[in-house]
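**Student:**
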Amino acid sequence: MRIITHTNEMKAWSAEQLAQGASIGFVPTMGYLHAGHVSLIERSGKENDKSVVSVFVNPTQFGPGEDLAIYPRDPDADAAKCALAGVHVLYMPENEQIYSPNHRTYVVVEGLSEALCGATRPGHFRGVATVVLKLFNIVKPTKAYFGLKDYQQLQVIKTMTADLNVDTQVIGCPIVREPDGLAMSSRNAYLSPSQRQAAVCLYEALLAAKSLFEKGETRGDTYRRAMSERIELCAEAHPDYIKLVDPGALEDLEIVNNSAVAALAVRIGSTRLIDNMTLTRDNDFDGSAC
Ligand code: AMP
Numbered sequence: 209m210r211i212i213t214h215t216n217e218m219k220a221w222s223a224e225q226l227a228q229g230a231s232i233g234f235v236p237t238m239g240y241l242h243a244g245h246v247s248l249i250e251r252s253g254k255e256n257d258k259s260v261v262s263v264f265v266n267p268t269q270f271g272p273g274e275d276l277a278i279y280p281r282d283p284d285a286d287a288a289k290c291a292l293a294g295v296h297v298l299y300m301p302e303n304e305q306i307y308s309p310n311h312r313t314y315v316v317v318e319g320l321s322e323a324l325c326g327a328t329r330p331g332h333f334r335g336v337a338t339v340v341l342k343l344f345n346i347v348k349p350t351k352a353y354f355g356l357k358d359y360q361q362l363q364v365i366k367t368m369t370a371d372l373n374v375d376t377q378v379i380g381c382p383i384v385r386e387p388d389g390l391a392m393s394s395r396n397a398y399l400s401p402s403q404r405q406a407a408v409c410l411y412e413a414l415l416a417a418k419s420l421f422e423k424g425e426t427r428g429d430t431y432r433r434a435m436s437e438r439i440e441l442c443a444e445a446h447p448d449y450i451k452l453v454d455p456g457a458l459e460d461l462e463i464v465n466n467s468a469v470a471a472l473a474v475r476i477g478s479t480r481l482i483d484n485m486t487l488t489r490d491n492d493f494d495g496s497a498c
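For the sequence shown, our numbering gives the first residue as 209, with consecutive numbering after it.
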């Protein structure tokens, strides 16, 4: 595995691969890799000739007072996991390799960026869409892999690539969970043992929504109430939002028909966790394809 830190070197490597007719699979991450990331990397390995993983903690997607300075980092462990998973290039640029001091251009996916996490993290998806487009322009991936764990992020990236005629195919991958159901996340490392136990309430709230869906419940408010009641049972949990939304537009659903996404953001102590579950009666529905 080659480790690349310079953008020009990354661009040259990709140009050479594409000139030889190789396809490039790409997994953009912020590092501190876990089994969720590895599932994306493995899928990329199966579907492409070459795989690139980036580790870059993107400052433009963090707001003031958020966890940019303390975001967990372990480049050596990340490199070991990537090598084991068969990655060809691990791209680990420093900030200056991505943002010049004169950087002025940002990508905004209107509407989708203000829903859900966008309400309390203004500017977050502007930072995400901008860095992903920059990384796509550097790595030139044939296919890029994103987790459904960040459902809204996936919809923002899919919309951005469609709207801007980006040739990369964006692929959504299932959420990987701990044995008790907690969605894997680099931020789980912030949790104390008691907070870690409490954090399972997100998954249990989503299971409550799933159970209502399986019974044929159609009223959006009933779902929201059931999820809130489960979160309220946990003294350490403070919801940021508890939503049932349309899978494509991410707007609140009053009446549930074939498909919906239950989505949560909950603070456990000072750690903000997100999770979601796609609910669908449509066997062909693929939440990753909205
Ligand atoms: P991050 O490093 O948190 O920016 O995540 C990098 C990529 O990994 C994103 O596409 C995430 O959606 C994906 N990802 C993170 N956690 C999980 C998980 N538990 N299951 C599947 N994909 C995940």
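All C-beta atoms, glycine included, are put in the ideal place defined by N, C-alpha and C.
On the three-state DSSP scale, how would you describe Asn-491?
**Tutor:** Reduced to three states, the DSSP call for Asn-491 is coil.
**Student:** Can we count Asp-358 as close to the ligand AMP, meaning its CB is less than 7 Å from some heavy atom?
**Tutor:** Because some heavy atom of the ligand AMP lies under 7 Å away, the Cβ of Asp-358 counts as near it: yes.
**Student:** According to DSSP, simplified to helix, strand and coil, what is Cys-442?
**Tutor:** Note: Cys-442 maps to coil in three-state DSSP.
**Student:** Nearest by alpha-carbon distance to His-296: which of Ser-394, Val-261, Met-435 is it?
**Tutor:** The shortest Cα separation from His-296 among Ser-394, Val-261, Met-435 belongs to Val-261.
**Student:** Please look up how many angstroms separate the CB atoms of Thr-376 and Thr-338, rounded, as I've assumed it's under 8 Å.
**Tutor:** At roughly 15 Å, the Cβ-Cβ gap does not stay under 8 Å, so Thr-376 and Thr-338 are not in contact.
**Student:** Can you grab the Cα-Cα spacing for the pair Met-368 / Gly-380, in whole Å?
**Tutor:** Roughly 14 Å separates the two Cα atoms.
**Student:** Taking the alpha helix (DSSP H) that Pro-283 falls in, what are its first and last residues?
**Tutor:** Here the alpha helix (DSSP H) through Pro-283 covers 283–292.
**Student:** So, Lys-342 versus Leu-226, is the Cβ gap smaller than 8 Å?
**Tutor:** Not closer than 8 Å, so no.
**Student:** Does the Cβ of Cys-290 lie closer than 7 Å to at least one heavy atom of the ligand AMP?
**Tutor:** No, since every heavy atom of the ligand AMP falls outside the 7 Å radius drawn around the Cβ of Cys-290.
**Student:** Pick helix, strand or coil for Cys-498, following the three-state DSSP scheme.
**Tutor:** Note that Cys-498 scores 43 on pLDDT, short of 50, meaning its location in the model is unreliable; the coordinates nonetheless yield the value given after this. The answer is coil: DSSP assigns Cys-498 none of H, G, I, E or B.
**Student:** State buried or exposed for Ala-497, treating a residue as buried only when at least 16 other CB atoms are found within 10 Å of its CB.
**Tutor:** Legend: pLDDT at Ala-497 = 48, less than 50; position of this residue unreliable, value from coordinates given subsequently. When all chains shown are included, Ala-497 counts as exposed.
**Student:** With DSSP run on the structure shown, which of helix, strand or coil describes Ala-471?
**Tutor:** Strand at Ala-471.
**Student:** Report yes if the C-beta of Ile-383 is less than 7 Å from at least one heavy atom of the ligand PLP; otherwise report no.
**Tutor:** Here the bound small molecules are the ligand AMP; the ligand PLP is not part of this structure.
**Student:** Can you tell me whether Ser-247 sits near the ligand AMP, meaning its C-beta is under 7 Å from at least one heavy atom of the ligand?
**Tutor:** Flag set: Cβ of Ser-247 near the ligand AMP.
**Student:** With Gly-244 as the anchor, note down where its alpha helix (DSSP H) starts and where it stops.
**Tutor:** Segment 243–255, the alpha helix (DSSP H) holding Gly-244.
**Student:** With a threshold of 7 Å (Cβ to nearest heavy atom), would Ser-394 be considered close to the ligand AMP?
**Tutor:** Flag set: Cβ of Ser-394 near the ligand AMP.
**Student:** In angstroms with no decimal places, state the Cα-to-Cα distance between Pro-301 and Val-408.
**Tutor:** Taking the straight line from one Cα to the other gives about 34 Å.
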